[in-house]
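So the sequence shown is residues 15 to 444, counted in my numbering. A quick write-up on the structure given underneath.
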Amino acid sequence: MVNLGNTSVIVGTQWGDEGKGRVTDMLASSADVVARFSGGMNAGHTVIVGDDRFELHQIPSGILHREKKNIIGNGTVVHPESLVGEMVDLEARNLPLDNLFISDGAHVILPHHLLLDRLEEERKGNQKIGTTRKGIGPAYADKVNRRGIRMGDLLNPEIFRAKLENNLSYTNLLLAKIYNSEPMTTDAIIEEYRPFIERLRPHITNTVAMLNQALEDGKEILFEGAQGTLLDIDHGTYPFVTSSNPTAGGVCTGCGVGPIHIRKVVGVVKAYVTRVGAGPFPTEQKNSFGETLSTQGHEVGVTTGRHRRCGWFDAPMLRYSARINGLTHLVLTKLDVLSGFDTIPICTGYHYNDQVIEYPSNASILEHLTPIYEEMPGWSEDISDIRNVKDLPSQAQAYIQRIEQLTQVPVAVVSVGPGRDQAIVIDPTI
Ligand code: GDP
Ligand code: IMO
Ligand code: MG
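Here you go:
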């Protein structure tokens with residue numbers, strides 16, 4: 015008899031930076047375990063507690079809750095040096111990390127992954143993806159090509175050396191023949207990684223067994239997504255995507271749990287849309303509206319410091335996300351940023367070749383469609399101190415209701431500021 019447990023998945027429904035870290039921190043208070051299932055240090059998750067600001071890249075955002083277990087799952091890619099850096103920062107802020115566990119099946123980001131990410135972006139020129147240059151694509155490519163190195167391999171020096179030699183026998187050819195670049199040496203990488211391996215050793219374990227045991231014990235697990243649905247390698251705006259599956263399905267492969275265990279799928283959605291990097295963005299506002307959203311929303315990337323492109327809310331995109339992930343709840347973030355607009359356009363559909371269409375998964379169609387907008391009345395009040403939905407200006411309530419109508423997914427929480435308590439909980443069962 016399978017014990018179904020009580021698990022929730024948090025996913026980004028747009029192009030990342032929806033506020034997943036903030037929402038994970040909030041929902042973690044009722045969970046026992048928080049686990050990341052995809053991505054790596056391309057993620058930048060911000061959690062603000064009082065005057066303290068935490069920027070997490072590889073460590074789950076549940077780490078600020080001392081009594082919760084935090085897991086970096088097998089579907090992620092780990093850069094040992096940066097992970098140690100994150101750990102040292104947290105420890106310096108009085109957060110001991112005896113509750114952090116790293117999957118022995120997660121893949122290792124090696125120096126040439128970072129180098130290849132940059133060289134490939136440079137080679138592409140104006141066709142570039144605009145990656146975070148953290149080596150994510152090349153590390154996942156090595157995984158899929160079956161020459162990757164897993165965190166568990168680092169624990170045995172002979173295995174690490176043998177696998178690294180095998181990897182470099184290919185990678186050095188690639189570096190020399192395609193990129194005209196210097197070769198990497200096994201000894202130099204082993205020497206560079208040695209102190210980080212020793213630091214991470216006590217945390218590396220079989221997290222698949224841990225998670226399944228937790229499920230059998232009836233524990234509550236919260237899976238923290240990184241990136242967003244439209245950055246998914248299968249379902250996003252390919253090729254302008256990341257190299258993993260940040261959608262809900264990624265939980266099963268990225269943490270080794272069966273789909274039957276996933277009970278709630280919480281979609282985090284910004285009250286407008288942002289995107290970092292290249293690729294189509296139908297509702298983008300390259301005008302004073304976009305600049306106001308960017309300034310009021312402080313839309314600067316946590317990982318790369320790049321400015322985020324901004325645009326209006328896109329309902330067909332959220333409907334698409336709802337389907338791909340099977341969303342059961344929405345958490346609407348950054349509604350406070352919309353205060354002060356006379357009217358707020360919402361995209362309800364698209365025109366393409368004289369037809370009204372739903373969200374196309376083909377990025378080249380996205381480049382050529384015209385959004386259909388509906389104008390919602392705006393509000394001028396600062397809403398960041400409101401904690402009850404009935405106290406919101408009627409226009410803000412109407413905005414929330416319209417999003418629910420257009421997507422058929424209930425909004426369970428509205429976030430009105432970055433602080434831990436700046437939330438309006440509509441459905442406490444979330
Ligand atoms: P993530 O990658 O999805 O975790 O999101 P990021 O942390 O990259 O970006 C979200 C940003 O918005 C962070 O700076 C948060 O502190 C901030 N934030 C989250 N929720 C709210 C909100 O409701 N209102 C405002 N003003 N800021 C928010
Ligand atoms: P969080 O978890 C926003 C984007 C990059 C680029 C594309 C591919 O903070 O929401 P990659 O380095 O993954 O190969 O880059 O994906 N990207 C993100 N954009 N938030 C993120 O993470 C992102 N992670 C990757 O900008 O367009
Ligand atoms: Mg982010």
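Positions of the beta carbon are idealized from the N, C-alpha and C atoms, including for glycine. Predicted model, so just to flag it, every value in this text is computed and none were measured.
| Item | Value |
| --- | --- |
| Using a threshold of 8 angstroms, state whether the C-beta atoms of L344 and V425 are closer than that. | yes |
| Following a CB-centred definition, is L32 positioned closer than 7 angstroms to any heavy atom of the ligand GDP? | Contrary to the premise, residue 32 reads as Glu rather than Leu in this sequence. Yes - the ligand GDP has a heavy atom lying nearer than 7 angstroms to the Cβ of E32. |
| Provide the residue span of the beta strand (DSSP E) that contains D49, from first to last. | Rather than Asp, the amino acid found at residue 49 in this sequence is Ala. Residues 47 to 50. |
| What ranges does the alpha helix (DSSP H) occupy inside the region 240 to 308, keeping only unbroken runs of at least 4 residues that lie completely in it? | 264 to 269 |
| Pairing CB atoms from the region 44 to 52 with CB atoms from the region 265 to 280, are three or more of them under 8 angstroms? | yes |
| Under 8 angstroms between the Cβ atoms of Q28 and M331? | yes |
| Would A42 pass as a contact of L236 if the rule is Cβ separation under 8 angstroms? | yes |
| Could you give the residue range of the beta strand (DSSP E) that holds M390? | 384 to 391 |
| Return the first residue and the last residue of the alpha helix (DSSP H) that P125 is part of. | 125 to 138 |
| First and last residue of the beta strand (DSSP E) that includes I116? | 114 to 117 |
| Which partner residues of N84 appear in the DSSP bridge assignment? | V48, L114 |
| List the residues that DSSP assigns as beta-bridge partners of V92. | V122 |
| When you compare the CB positions of H71 and E100, do they come within less than 8 angstroms of one another, or not? | yes |
| For the region 166 to 242, which segments carrying the beta strand (DSSP E) assignment without a break, of at least 3 residues, lie completely within its bounds, in sequence order? | 234 to 238 |
| Name the DSSP beta bridge partners of A437, please? | S429 |
| Going by DSSP, what residue range makes up the alpha helix (DSSP H) through S378? | 377 to 380 |
| So is the beta-carbon of A412 under 7 angstroms away from any non-hydrogen atom of the ligand MG? | no |
| Does the ligand IMO have even one heavy atom less than 7 angstroms from the beta-carbon of T243? | no |
| Please report the distance separating the alpha-carbon of R364 from that of H121. | The sequence as given places Tyr at residue 364; Arg does not occur at that position. Going from the Cα of Y364 to the Cα of H121 covers about 40 angstroms. |
| Should the region 244 to 264 be called in touch with the region 333 to 340, which here means at least 3 C-beta pairs below 8 angstroms? | yes |
| Please identify the residue among T251, R208, N259 whose C-alpha is closest to the C-alpha of E95. | R208 |
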